[in-house]
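Residue numbers (our numbering): 1 to 360.
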């Protein structure tokens, strides 16, 4: 067991941590690996109204994650606050959390990333016609700038040498190939969730993913996962009392042992939620009893006040205020879509399913 540091008699044992140490601790919750960096930066781009987002990775994102967008950009005053913890453009009061529609909102991402990597930000406001923006650099808790620099409209953020200042964290990273796979999985989900935005991903100079802004969800599935899956998709569309479910599911023959192609988007936010996965598997009961996971690309939209997205630091989990209602609505919509597609085993009958015990 480790011991507390020795202190002189009467001296305080409790000390306020330096700011850069606090940021590194916070980074442990927000920045787990290169995919975490990619997620935070791309979400910032989308919140800035970007219609084109390019991501460049080197060594699976361990050496470099670069995100370039054509969003609204930042002026000097905003750039000064971009790396300050809990500085955000998306909230003013606690009550705003109930109606938050943006993907990011805590103001933690850039400050946390800058505490464990070398960061460069170049941004130019969309309305600026001078061809000049501002550049800011940060490393090891020190910030340089901002100063004037040539820039395209929008924002460029480079994150280099992730966890260079925390060797213990760096040691827990996997191979570049593994980290690339994590980044690609996340980027695919984001690209499928936002079909009005063009996305491009490169790795070590090689283009890995490229979808245009005009491509709808089916076309994006075709580009990313191939024609066999895209041609087999079954449409889902239902609305009821402020709840709306849309998207596509695949026939049982295309179900998988993993959840790599099971995608839910809540108000445009990709997430892996246990309740939503349970709904999907329950909907397929009688259609597919192999125990495999259905392939689906589904968007659930509802009033932001009816869902708590502030449950987890990475916003990967949510809590519905009316879980039983969401369960019943989504299950009914999915079963109706599957029945219309005539995918059931001959003679299959589906008894009404009550929501599982314990749901709110």
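By construction, the Cβ of each residue, glycine as well, lies at the ideal position given by its N, Cα and C atoms.
Strictly by DSSP, which residues pair up with residue i?
i	result
residue 203	57, 206
residue 166	BP columns for residue 166 are empty, so no partner.
residue 52	198
residue 143	138
residue 375	The shown model of the chain, from 1 to 360, leaves out residue 375, and the question about it has no answer.
residue 320	307
residue 240	243
residue 64	58, 160
residue 149	133
residue 211	199
residue 69	53, 155
How is the alpha helix (DSSP H) around residue i delimited, first residue to last?
i	result
residue 228	227–232
residue 333	323–340
residue 158	Segment 154–160 is the beta strand (DSSP E) holding residue 158; no alpha helix (DSSP H) there.
residue 45	34–47
residue 182	176–193
residue 78	76–82
residue 114	109–114
Quick check: what's the CA-CA separation for residue i versus residue j?
i	j	result
residue 37	residue 195	22 Å
residue 110	residue 82	7 Å
residue 234	residue 53	29 Å
residue 278	residue 245	16 Å
residue 208	residue 231	22 Å
residue 241	residue 216	26 Å
residue 274	residue 148	47 Å
residue 178	residue 59	10 Å
residue 139	residue 270	30 Å
residue 145	residue 137	7 Å
residue 102	residue 253	Confidence at residue 102 is low in this model, with a pLDDT of 48, below 50, so its placement is unreliable and no value can be given for it.
residue 305	residue 320	9 Å
residue 329	residue 335	10 Å
residue 24	residue 50	Note that residue 24 has pLDDT 48, beneath the 50 cutoff, so the model's placement of it is unreliable and no number is given.
residue 150	residue 68	14 Å
residue 218	residue 264	15 Å
residue 287	residue 31	40 Å
residue 239	residue 301	9 Å
residue 324	residue 167	46 Å
residue 226	residue 141	45 Å
residue 309	residue 267	11 Å
residue 80	residue 333	48 Å
residue 176	residue 199	21 Å
residue 289	residue 154	49 Å
residue 48	residue 257	37 Å
residue 71	residue 307	27 Å
residue 157	residue 237	38 Å
residue 201	residue 39	13 Å
Over what stretch of residues does the beta strand (DSSP E) that includes residue i continue unbroken?
i	result
residue 243	243–249
Our contact map puts residue i next to residue j with C-beta atoms below 8 Å; I'd like the distance itself, whole angstroms only.
i	j	result
residue 299	residue 247	5 Å
residue 318	residue 326	Between residue 326 and residue 318 the Cβ distance is about 10 Å, and since that is not below 8 Å, they are no contact.
residue 125	residue 205	Incorrect: roughly 30 Å between the Cβ atoms, too far for contact.
residue 121	residue 135	7 Å
residue 292	residue 255	4 Å
residue 213	residue 197	6 Å
residue 56	residue 118	Rounded, the Cβ-Cβ distance is 15 Å, inconsistent with contact.
residue 65	residue 159	4 Å
residue 337	residue 294	The pair is not a contact, with the Cβ atoms about 12 Å apart (cut-off 8 Å).
residue 192	residue 170	Going by Cβ atoms, the distance from residue 192 to residue 170 rounds to 31 Å, so no, they are not a contact pair.
residue 280	residue 262	7 Å
residue 283	residue 331	6 Å
residue 33	residue 173	6 Å
residue 123	residue 133	5 Å
residue 186	residue 35	5 Å
Between residue i and the ligand SAH, is the CB less than 7 Å from at least one heavy atom?
i	result
residue 291	With respect to small molecules bound, the structure shown includes none, and the ligand SAH cannot be examined in it.
Ordered list of beta strand (DSSP E) runs contained in the stretch 246–311, each at least 3 residues: Entirely contained in the stretch 246–311, the beta strand (DSSP E) runs reaching 3 residues are, in chain order, 262–266, 269–271, 296–301.
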